[in-house]
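Chains A, B, C and D supply the protein sequences, listed in that same order.
Under the working numbering, the very last position in the first sequence is 399; numbers go up by exactly one each time.
Under the working numbering, the very last position in the second sequence is 1399; numbers go up by exactly one each time.
Under the working numbering, the very last position in the third sequence is 2399; numbers go up by exactly one each time.
Under the working numbering, the very last position in the fourth sequence is 3399; numbers go up by exactly one each time.
Here a beta-carbon is modelled for each residue, glycine too, at the ideal position from N, C-alpha and C.
These figures come from a predicted structure and were not determined experimentally.
In what follows, a structure is listed as structure tokens, so that the remarks can point back to it.
4 protein chains.
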Amino acid sequence: MLTGTAHLFIPGPTNVPADVQRAMIVPMQDHRAPEFGALLQPVLAGLKPVFGTREAQIALLPGSGTAAWEAAITNTLNAGDKVLMARHGQFSALWADMAQAMGLQVEIIDVAWGAPCPVREVERRLGADRHGEIRAVFVTHNETATGVTSDVGAVRHALDACFHDALLFVDGVSSIGSIPFEMDQWGVDMAVAGSQKGLMCPAGLGILAASPRALAAMENSHMPRSFLNLRAMLAAHEGGSFCFTPPAQLLHGLRAALTRLHSEGLENVFARHHRLAEGVRAGVAALGLSTVAEHRIFASDTVTAIRTPHGIDAREVISIARTRYNTHFGGGLGPLAGKAFRIGHLGDLNEGMCLTALGIAELSLKAAGAPVTLGAGITAAQHIFAGEAQAPALSIAAE
Amino acid sequence: MLTGTAHLFIPGPTNVPADVQRAMIVPMQDHRAPEFGALLQPVLAGLKPVFGTREAQIALLPGSGTAAWEAAITNTLNAGDKVLMARHGQFSALWADMAQAMGLQVEIIDVAWGAPCPVREVERRLGADRHGEIRAVFVTHNETATGVTSDVGAVRHALDACFHDALLFVDGVSSIGSIPFEMDQWGVDMAVAGSQKGLMCPAGLGILAASPRALAAMENSHMPRSFLNLRAMLAAHEGGSFCFTPPAQLLHGLRAALTRLHSEGLENVFARHHRLAEGVRAGVAALGLSTVAEHRIFASDTVTAIRTPHGIDAREVISIARTRYNTHFGGGLGPLAGKAFRIGHLGDLNEGMCLTALGIAELSLKAAGAPVTLGAGITAAQHIFAGEAQAPALSIAAE
Amino acid sequence: MLTGTAHLFIPGPTNVPADVQRAMIVPMQDHRAPEFGALLQPVLAGLKPVFGTREAQIALLPGSGTAAWEAAITNTLNAGDKVLMARHGQFSALWADMAQAMGLQVEIIDVAWGAPCPVREVERRLGADRHGEIRAVFVTHNETATGVTSDVGAVRHALDACFHDALLFVDGVSSIGSIPFEMDQWGVDMAVAGSQKGLMCPAGLGILAASPRALAAMENSHMPRSFLNLRAMLAAHEGGSFCFTPPAQLLHGLRAALTRLHSEGLENVFARHHRLAEGVRAGVAALGLSTVAEHRIFASDTVTAIRTPHGIDAREVISIARTRYNTHFGGGLGPLAGKAFRIGHLGDLNEGMCLTALGIAELSLKAAGAPVTLGAGITAAQHIFAGEAQAPALSIAAE
Amino acid sequence: MLTGTAHLFIPGPTNVPADVQRAMIVPMQDHRAPEFGALLQPVLAGLKPVFGTREAQIALLPGSGTAAWEAAITNTLNAGDKVLMARHGQFSALWADMAQAMGLQVEIIDVAWGAPCPVREVERRLGADRHGEIRAVFVTHNETATGVTSDVGAVRHALDACFHDALLFVDGVSSIGSIPFEMDQWGVDMAVAGSQKGLMCPAGLGILAASPRALAAMENSHMPRSFLNLRAMLAAHEGGSFCFTPPAQLLHGLRAALTRLHSEGLENVFARHHRLAEGVRAGVAALGLSTVAEHRIFASDTVTAIRTPHGIDAREVISIARTRYNTHFGGGLGPLAGKAFRIGHLGDLNEGMCLTALGIAELSLKAAGAPVTLGAGITAAQHIFAGEAQAPALSIAAE
């Protein structure tokens, strides 16, 4: 029987803080009563700075981040529209699949899993798009499968450099609330988040922020939509409600989570995620392991995907951690299955938790046969946390 | 400041039992871990008898009942398909709107709000459909807006009598789990429920049961779908998982709620709903009020919509109940706004709660100026609950 | 299987409000950390106005109100000391037993169960106490067994009229927080409460307020005490802590409950208890039943003890309510067993809950064979709640 | 603002497992209803094997372990009785103080804080007690202040060797439920535990197990007692209830905690505590620190008290851990204040948590100026947890 805290280091759902958990324990309430608006409005208002926006409108979409991805598409585009995107991990691949399933023409730039969105190639394609056929560029801000953060601002520069007016859609599911996201500054038109990552709530809500340009594009979009009708939801929110019965308990949780984020201060939240991530990365490097992220310059501050040494099945590592140590790591997805495991380090986290993650990873790797030195990783992280070391250079994995 | 129990008599979300509430207070967990299937499978298995099916496959769709409505359409039909349905309340109207938004050709039979699905007219239309253009018949089993239950079995008979092979889709959101639902026996092809009514959980999950015929129809359906891809979700469920991060806390709640339902015994659950509804209806009649349901023979056992006397604004009644007595009634929807209020009497309910509902309704009606005799309604309900009276005939409202 | 809300009408523990329940769901914490004082101090400060005191010091005694009763004795008196008290119900009887067990010489004034503390007789005894042998007078402010409130202020007048300097100890377990209590004004020296009645928390804390005179008396008290050492606990509280590991979750609950009480306003809390009690009493009278309280002038606003008609076993009434209607009434205690049942109407309560109490009492009485008219009691209460009636005179029971 | 899990390593209250926390979220209930016994009985039955007894009777005493200490005294002894005990830490000192406060004549054997109960000296004193004046021997099984476990079985041997019939009282507050306790085998007459240590619940219940001999001694005990009247409580428990309103939520928690302990299996629970403690001790030794426990042979498996190096204030270490790392260590008590800090490693614990404890202790010690090598302790613990090392010898601290 497993005992003690279940150490959860998957990159979402993340650990729900005690006060957020508590806030969700509510009797059911009438979602059509006037009081409901008093619950919804501060949630919408509190989300705006987290998205880095004053101009966008925010919709809460019961379902998940996937629902918000779909809503971004079906409310602004039309069947046959061309969109441009990089595919460099499981989640960008799934978004591309969705776009195709919804009838878009998806121009895909395939790069290595472990690379970020290739901005120069994006710029080249945009520049080549003489007739402005590309209606939108999709960017996966943080590829949760590979632990790679892409430079959304640079994509904006690319668009501007080409005087291209494509919409810019960004999947921020595993970034928003944990690392800087500047919707207005970067000119993002549709930004997608979920309740269960940096926002520290259970899954169940997709969150979509739409820029004025995106709202304008909705006028000319005629894809079939009903459950995910963004215009209807925004109008309902305006009146303090939802189009249908919402998961009110998640709104209570989100309100409490936003209070936490703003109490800590977003700058401090981001700095903390960076510090903790540096510790994890220092630990990984000290163990002689490589990350899936090809270079530390775009290594994600919310999740680290770690390659297991040759001959060591990452699934075995994960299984040992789970069954012996009550510790949960993320698995390698798609082509990384068995080759990598992931440590999520986002949301409500601190130094002690990261030490546990590394310490149990070491024990599990060793038990699985990997030639790691027990304590090496955790010690490196401690030096980071003690402020004594800069994170060492990572060995860059050859794909 | 309001004190005491908040008495919730809206027809959903319903009161969450203490043990279901407790079951949902869980640390986050890895939805890709092997243990997750051990949570999901009993939920799927426990739902089947609630839907009255052995043959159907069940999908849990994060979102709401509305999501399940849409999934029923987009996974089995094609744009331009003709569907037949009655419109006799807010929810049948919304479903019709959705069907149109998704590109279906909707043949609507408009009948009075307060009438059930007009089976003879349905049969007539089916009989007239010589070329089998009608691909599906939609039935709102329980119109939550009017408190009217329709006879799904009779619609099946109509289909059979016409040798018509249209699919039969049923909205059971406010019926399933509270009143008998016989999916297999009635030949229902798509049945839709939600977590927040008879299943006594918070909102957040739509539930869709698909018959073998519906599953077969999926082969020929090509509507764009991704978030609500039923085939993908059923395959994921088969492996003990979801297509994307699910609201796991609701699965814990649903498991506990199903344990309650099956411990009580479905027959007893249905009998209880009928007994309590009879009490509420007896009370309404004793107060000299009429129900929106035109005849008691199709009055719903889960919700009663009550017309306020001429000159009495139902919104005022609702507001008094809420602000003075911490009691929540449902409002009149659409054309019934201001003309009716609703008492939801479904889910985790007992006699004492129904007495509160009637007692506070009396006080609120009187305070709003209605000529009701305090105590008359509640006394009539007590006689029902004491087993001393049969429910008296209701006055049937002229529309 | 019982369904729906469990209607709890015992006179404690009372219904815990949702926000108080939520506040108690806390991770364990270090009770020796500096933060702990930040939890304790507002609880102590918030209790003072509830006790009607600025001068007293308050101690939280893990255990129960019984612990606080004992601490009041063992910290201020000495073995052999004479104390004067009336015995007119189960709880005054138990306190007398305790005083004897602790070695006091207890001069008991026995009056009927249903009568209040006989102030004139108290005054007579005090006047006759020429040598000042009576060291303390014990008053049970609210006899929970009989539903009778005694006049503490009048006892103070009696003491003053006799120029008697006995200490005045008051059991306010079922009164404090629900009806006016004026510790300073009445010159109460030791006032005892518990967490589980008007303070709306679970049981587990006795609360003791000690006047400056009581604190002075502690100098000369030499009874053995350790767990209940009041001086040590007050000193610990002064430093923000306890003498031993406290039930911290109850402090979180108490803080939330005090926030509720002060948000509602104590005057409003007391008015509400009176209004609801008037409704219950009107209902009892309308049913032709008599209360154990001999006269409405001293009928308690927190609990009503109701005599069952001749030949009707109150235990049967209680059992029917519990097993058929998921409703819990208090039993008759001691000589009242089988002859009376009690409706607690204190703490977090509203009109709808009182209607349920009366409605289910009617159904249960009738099922047990009592000749009550269904609806009569509840209707009378509704008229009180609607502001249309004054509470009618109660028939006074001959003991 | 502190983020992430609050890492709690005080030696009680301990971390409450999620399922125990959940079990305590209950509506209030009638403690006099027949159902209440169904809650109490399995708790009493489940506790017996944890105490290692079939013969003893168990009483749950609302309050704390301190209350149970007192009840053990006041229900079996008389003022003036002589008792024999060692004083070798804060908790044995407090128990001695209590015994004196309650009027006992306490023969104290003072030994170093860090030593266990000196069994030979106990035996010498018993042998010297020709007239059998010693009525009871008190043993602190696990001195929580020093992290020292005493050999209760050896004290029994001493009693038997001297043919002495003194009662044997044992404080098992921080041992019972975590390390082996054999009440029957060791001939313990009164064993004391609390809800908040190995039993993984919040504080609020003292637990007292009384042997048949202790029960017999109650016949001749005449100390004043009322709140802590053991005979009355045992009689109440026999009937499924308490003498006064109990903290029912703790009973729900205790039932869930006992289910956990018995599901894991007591042998496994004890083995786990030993393994984790070995890891912590290996870590402490690797850091070059000494424990307060003078020899590893009696080092406690539930708490380790660690001396800070000369010149390093342990309070500073604790403060750094709390304010920078959201981690809570126990302080040095009494003469150990500032000289030692304590890591509680009992209750619901696993390897990852112990790694955090050591890792944060290292960071905090270093930040406070101690010459520790980051990672050294944690690495040593990992080797223990990996099964690769035996715990190294500890340096024995010179007092």
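A residue is called buried when at least 16 other Cβ atoms come within 10 angstroms of its Cβ; Met-102/A meets this threshold and is buried. Linking Trp-3069/D to Ala-2038/C through their CA atoms gives a straight-line distance of about 29 Å. Close to chain D, meaning a Cβ-Cβ distance shorter than 7 Å, are the following residues of the stretch 1025-1052 of chain B: Ile-1025, Val-1026 and Pro-1027.
With a threshold of 16 other beta carbon atoms within 10 Å, Ile-2297/C falls short and is exposed. Burial check for Phe-2163/C: the Cβ neighbour count within 10 Å stays below 16, so the residue is exposed. Pairwise C-beta distances place the stretch 169-177 of chain A out of contact with the stretch 320-333 of chain A, as fewer than three of them are shorter than 8 Å. Neighbours of Gln-3382/D in chain A, taken as residues whose beta carbon is under 7 Å from its own, are Gly-359, Glu-362, Leu-363, Leu-374 and Gly-375 in chain order. One Cα belongs to Phe-1181/B, the other to Ala-1236/B, and the distance between them is close to 26 Å.
The alpha-carbon of Ile-1010/B is positioned some 54 Å away from that of Asn-2075/C. Put simply, of Trp-1113/B, Met-1200/B, Met-1218/B and Glu-1121/B the residue whose alpha carbon is nearest the alpha carbon of Leu-1349/B is Met-1200/B.
In summary, Glu-3278/D is buried, with 16 or more beta-carbon neighbours lying within 10 Å of its beta-carbon over all protein chains present. The stretch 1057-1067 of chain B and the stretch 1111-1128 of chain B do not touch, with fewer than 3 CB-CB distances between them shorter than 8 Å.
Closest by C-alpha distance to Leu-234/A, out of Ile-58/A, Asp-30/A, Leu-104/A and Gly-283/A, is Ile-58/A.
Ranking Phe-3329/D, Ala-3337/D, Asp-3301/D and Leu-3365/D by CA distance to the CA of Glu-3143/D puts Asp-3301/D first.
For Lys-2197/C, the secondary structure class from DSSP, reduced to helix, strand or coil, is coil. The Cβ neighbour count for Ser-364/A, taken over all protein chains shown within 10 Å, is at least 16; the residue is labelled buried. Annotation for Ile-176/A: no beta strand (DSSP E) segment contains it, and DSSP assigns it neither H nor E.
Apart from the 5 residues on each side of it in sequence, Asp-3019/D sits with its Cβ closer than 6 Å to the Cβ of Ala-3256 in its chain, given in chain order. Annotation: Cβ neighbours of Asp-2348/C in chain B (cutoff 7 Å, chain order): Thr-1003 and Gly-1004. Under a criterion of Cβ atoms nearer than 8 Å, the residues of chain A adjacent to Lys-3366/D are, in order, Ala-386.
Straight through space, the alpha carbons of Thr-3373/D and Ala-3193/D are spaced by roughly 38 Å. Looking only at Ala-2210/C, Gly-2177/C and Gly-2369/C, the smallest Cα-Cα distance to Arg-2315/C is reached by Gly-2369/C. Distances from the alpha-carbon of Gly-3089/D to those of Pro-3116/D, Asp-3160/D, Leu-3261/D and Arg-3260/D put Pro-3116/D closest.
By the beta-carbon neighbour count (other beta carbons within 10 angstroms, threshold 16), Asn-2229/C is buried. The three-state reading of DSSP puts Ile-73/A in helix, counting H, G and I together. Distance between Ser-263/A and Trp-186/A, taken at the CA atoms: about 25 Å. Against chain A, the CB of Asn-3142/D has no partner CB under 8 Å away; the residue lies outside that interface. Boundaries of the beta strand (DSSP E) harbouring Glu-107/A: 105-110, taken from the DSSP string.
Contact annotation for His-1328/B against chain A: Gln-29, Asp-30 and Ala-33 [CB-CB distance below 8 Å, chain order]. For Ala-18/A, the C-beta contacts it makes with chain C under 7 Å involve Val-2026 and Pro-2027, in order along the chain. From the beta-carbon of His-1007/B, the residues of chain C found nearer than 7 Å are Gly-2352.
The three-state reading of DSSP puts Phe-2036/C in helix, counting H, G and I together. When secondary structure is reduced to three states using DSSP, His-3007/D falls in the strand class. Assignment of Val-2372/C by DSSP, reduced to helix, strand and coil, places it in the coil class.
For Arg-1022/B, the chain D residues whose Cβ falls inside 8 Å of its Cβ are Arg-3022, Ala-3023, Ile-3025 and Val-3026, in order along the chain.
Within the stretch 2247-2281 of chain C, contact with chain B at the beta-carbon level (separation under 7 Å) is assigned to Ser-2263, Glu-2264 and Arg-2272.
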